[in-house]
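Take 782 as the starting number for the sequence shown in my numbering and just add one per residue.
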Amino acid sequence: MNIYQTFHIENNTKIYDPRKCFQFLQSQGKQTYHPNFKIQQEDIPTIYKLLIYAIQDHKSAIKLGIDLNKGILLSGPIGCGKTSLMHLIKPFVHPKNDYKIKTCREVSFEFAKQGYEALNIYTLKSVNQNKLPGYCFDDLGAEQQIKHFGNDCNVMAEILITRYEHFIENKAITHITTNMSATEIEKAYGNRVRSRLRQMFNLITFSSETTDKR
């Protein structure tokens, strides 16, 4: 099954069939991750919200309380499939809203090797860009407090605060996956970051009943 089978064109607009979208996600999951990959019933509401966001369905987004101008903060227990879903949902995303997925651990290791210059790719526009490129920072909280030649830096806090400024200035979009609670985020990154997150993200959470997919 391919992405073009999930919609038809009506008045120059793509009209998606949710049932076919889920079939596509499941078939891609089987190909990408494991032949036994299966979308669980309890995860359907979460995945549906991600789909609505990805295809920018304004009407459904309003009903679900999703702001299409913000990013996604996808929260859930370890092993529930957050990272896999952010990969699988990408084919539905319009090119102008595309994002790269980068683990927070990778970002922190880049800082350890290169110092503050390593953060520029996530926090500075290039000459020919009108806004920062989209990023999904995967597994917020898994990175460690890493030093570069003795310099302490809460790397992800620095990146998120700077990207917040770009979000306010020109709607640059950021996504995050995490298994941390709001209280844990505040403890790790400070009240300032937690406050910014409320403004930058739609919080989408997995059910507490979701199973470990690993």
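All C-beta atoms in this analysis are idealised placements derived from N, C-alpha and C, irrespective of residue type, glycine included.
Check: Would you kindly work out how many angstroms separate the C-alpha atoms of serine 889 and threonine 904, rounded to a whole number?; Outcome: 14 Å
Check: Would you check if the stretch 972 to 992 and the stretch 911 to 926 touch, i.e. whether three or more CB-CB distances between them fall below 8 Å?; Outcome: no
Check: To the nearest angstrom, report how far apart glutamine 837 and glutamine 786 are at their CA atoms.; Outcome: 18 Å
Check: Please report the distance separating the alpha-carbon of glutamate 887 from that of methionine 937.; Outcome: 11 Å
Check: Since glycine 922 and glutamate 891 are thought to touch, with beta carbons under 8 Å apart, how far apart are those beta carbons, to the nearest angstrom?; Outcome: Their Cβ separation, rounded to whole angstroms, is 17 Å, which puts glycine 922 and glutamate 891 out of contact at 8 Å.
Check: Are the CB atoms of lysine 844 and leucine 855 within a distance shorter than 7 Å?; Outcome: no
Check: When burial is assigned at 16 or more other CB atoms within 10 Å of the CB, is valine 908 buried or exposed?; Outcome: exposed
Check: Where does phenylalanine 930 land, buried or exposed, given buried means 16+ other C-beta within 10 angstroms?; Outcome: Legend: pLDDT at phenylalanine 930 = 46, less than 50; position of this residue unreliable, value from coordinates given subsequently. Classification of phenylalanine 930: exposed, given that the 10 Å Cβ count is below 16.
Check: Once you ignore the five residues that flank lysine 952 on each side, which residues in its own chain have a CB closer than 8 Å to its CB?; Outcome: Asn850, Lys912
Check: Classify alanine 963 as buried or exposed, calling it buried when 16 or more other Cβ atoms lie within 10 Å of its own Cβ.; Outcome: exposed
Check: What three-state label does DSSP hand leucine 831 in the structure shown?; Outcome: helix
Check: Which class does threonine 813 belong to by DSSP, given the choice of helix, strand or coil?; Outcome: helix
Check: Grab the span of the alpha helix (DSSP H) containing isoleucine 902 for me, first residue to last.; Outcome: 901 to 904
Check: What are the boundary residues of the beta strand (DSSP E) that includes leucine 855?; Outcome: 852 to 856
Check: Would you kindly work out how many angstroms separate the C-alpha atoms of phenylalanine 948 and glycine 896, rounded to a whole number?; Outcome: 24 Å
Check: Short of 8 Å in beta carbon distance, which residues of its chain neighbour isoleucine 833, apart from the five on each side in sequence? Order them along the chain.; Outcome: Ser841, Ala842, Leu845, Ile847
Check: Would you kindly work out how many angstroms separate the C-alpha atoms of asparagine 960 and threonine 986, rounded to a whole number?; Outcome: 10 Å
Check: Is aspartate 838 helix, strand or coil by DSSP?; Outcome: coil
Check: For the stretch 798 to 811 against the stretch 823 to 832, are there 3 or more C-beta pairs whose distance is under 8 Å?; Outcome: yes
Check: For glutamate 924 and leucine 900, which I take to be in contact (beta-carbon distance under 8 Å), what is that distance rounded to the nearest angstrom?; Outcome: So it is not a contact: roughly 13 Å between Cβ atoms.
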